[in-house]
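The sequence shown begins at 28 in my numbering and counts up by one.
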Amino acid sequence: QGYLRQVYSGMADLVMELTNWEIYSAREVRNKYSLNRANRFRGSVVRDGHEYAVYLVSSNPYARTLSAIQGEIKFLACSTPIRRAMVFAPNHDVLERFGLDDQEAEELLLLIYPDSLQLLNNYHSDEFQSYLQSLVAGFAPTDSPFADYEADDEYVADLILNDIVKINSLAAYFHLQHRKKVSIICLDSQKELMQSRFPSARQIIIPNKKGVDSFARRT
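Here it is, written out as structure tokens:
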């Protein structure tokens, strides 16, 4: 019950904690896109022209609740300009129940609440983005769905924000007879999770003290 109170106050937390984001209530989103009141999103956030539907779920949601959220994310991606989503949950057990192999969304960030609010701020800071670019010097941006940068013989995937759409695409690439090796950028606290998902990938590990902290803390 305590966490349910957090869920319902979640958008207030986003307003207080997120910096340099435009934040819209569920009512504003419904009015903007002529949606009905049955929607499960708590609102949306916008940065750099990209709008994300925001969902907050409890520590033990019903399977039908997760299924309804998955269906709604797909519906929004197909019928509105909201082609991205963030799902916040209090632990990884909930997040790992999202199996979205046929997802239409361009991004789906699965994040720990409330820790990842600061992660989002730090990740988008000029300081961290400059540091990130230093890690991929010599690589060019790529249009690949499973990576962010590439060179002649290597892809680099930034998985710090746990984008399940990118993760699923990368899993499919490894399942096929891939031609290039893959490196994954992740936090020190994510390395075991990424190693279990992609054992053959090289890891570029960022110490959590760089300030992009808290994503992979298991509770």
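Ideal placement from N, C-alpha and C gives every residue a C-beta, glycine not left out.
Contact under 9 angstroms by Cβ, A136 with N189: Note on residue identity: the sequence assigns Leu, not Ala, to residue 136. N189 sits close to L136, with the two beta carbons spaced by under 9 angstroms.
Going by other Cβ atoms of all chains shown within 10 Å of its Cβ, with 16 needed for buried, is P108 buried or exposed? By the 10 Å Cβ count, P108 comes out exposed.
Look at the alpha carbon of S229 and the alpha carbon of D40, and state the distance between them as a whole number of angstroms. At residue 229 the sequence reads Arg, which differs from the Ser that was named. Distance between the alpha carbons of R229 and D40: 36 angstroms.
Please state if the CB of F102 and the CB of Y82 are separated by a distance shorter than 9 angstroms. No, the Cβ-Cβ distance between Y82 and F102 is not below 9 angstroms.
How many angstroms separate the CA atom of R244 from the CA atom of Q97? For R244, the predicted model reports a pLDDT of 45, less than 50, meaning its position is unreliable; a value from the coordinates is still stated below. Straight-line Cα distance between these residues: approximately 24 angstroms.
Residues in the same chain with beta-carbon distance under 6 angstroms from P172, minus the five sequence neighbours each way, listed in chain order, please. Cβ neighbours of P172 beyond the five flanking positions: S196.
Confirm, please, whether the CB-CB distance from L93 to Q121 is below 9 angstroms. The question names Gln, yet the displayed sequence has Val at residue 121. Yes, the pair counts as a contact, with Cβ atoms nearer than the cut-off.
From the DSSP output, in three-state form, read off A65 for me. The three-state reading of DSSP puts A65 in coil, since its state is none of H, G, I, E or B.
Where P226 falls, given that 16 or more other Cβ within 10 Å makes a residue buried: P226 comes out exposed.
When the distance is taken between beta carbons, is M43 closer than 9 angstroms to A80? No, they are not a contact pair.
For the beta strand (DSSP E) that D170 lies in, which residues bound it at each end? Looking at the DSSP string, D170 is not in any beta strand (DSSP E), and its letter there is neither H nor E.
Under the three-state reduction of DSSP, which class applies to E181: helix, strand or coil? Correct three-state label for E181: strand.
Cα-Cα separation between L45 and L147, rounded to whole angstroms: Looking at the backbone, the Cα of L45 and that of L147 are separated by about 8 angstroms.
Among residues of its own chain, excluding the 5 on either side of D185, which ones have a beta-carbon nearer than 6 angstroms to its beta-carbon? These residues qualify, in order along the chain: D175, I212.
For P117, count the other beta carbons within 10 Å of its own beta carbon; 16 or more makes it buried, fewer makes it exposed. Which is it? Around the C-beta of P117, 16 or more other C-beta atoms lie within 10 Å, and the residue is accordingly described as buried.
Is R110 helix, strand or coil by DSSP? Per DSSP, reduced to three states, the secondary structure at R110 is coil, with no helix or strand assignment.
Just mark Q28 as buried or exposed, buried being the case when its beta carbon has 16 or more other beta carbons within 10 Å. Because the pLDDT of Q28 is 43, which lies under 50, any placement of that residue in the model is unreliable, and the number read from its coordinates should be weighed accordingly. Q28 should be labelled exposed.
Out of curiosity, what's the CA-to-CA distance linking D142 and S86? Going from the Cα of D142 to the Cα of S86 covers about 15 angstroms.
Under the DSSP definition of a beta bridge, which residues are partnered with E78? Per DSSP, the beta-bridge partners of E78 are V73.
For S86, three-class secondary structure by DSSP: Secondary structure at S86: coil, using DSSP grouped into helix, strand and coil.
Could you check if S210 is buried or exposed, using at least 16 other CB atoms within 10 Å of its CB as the buried criterion? S210 comes out buried.
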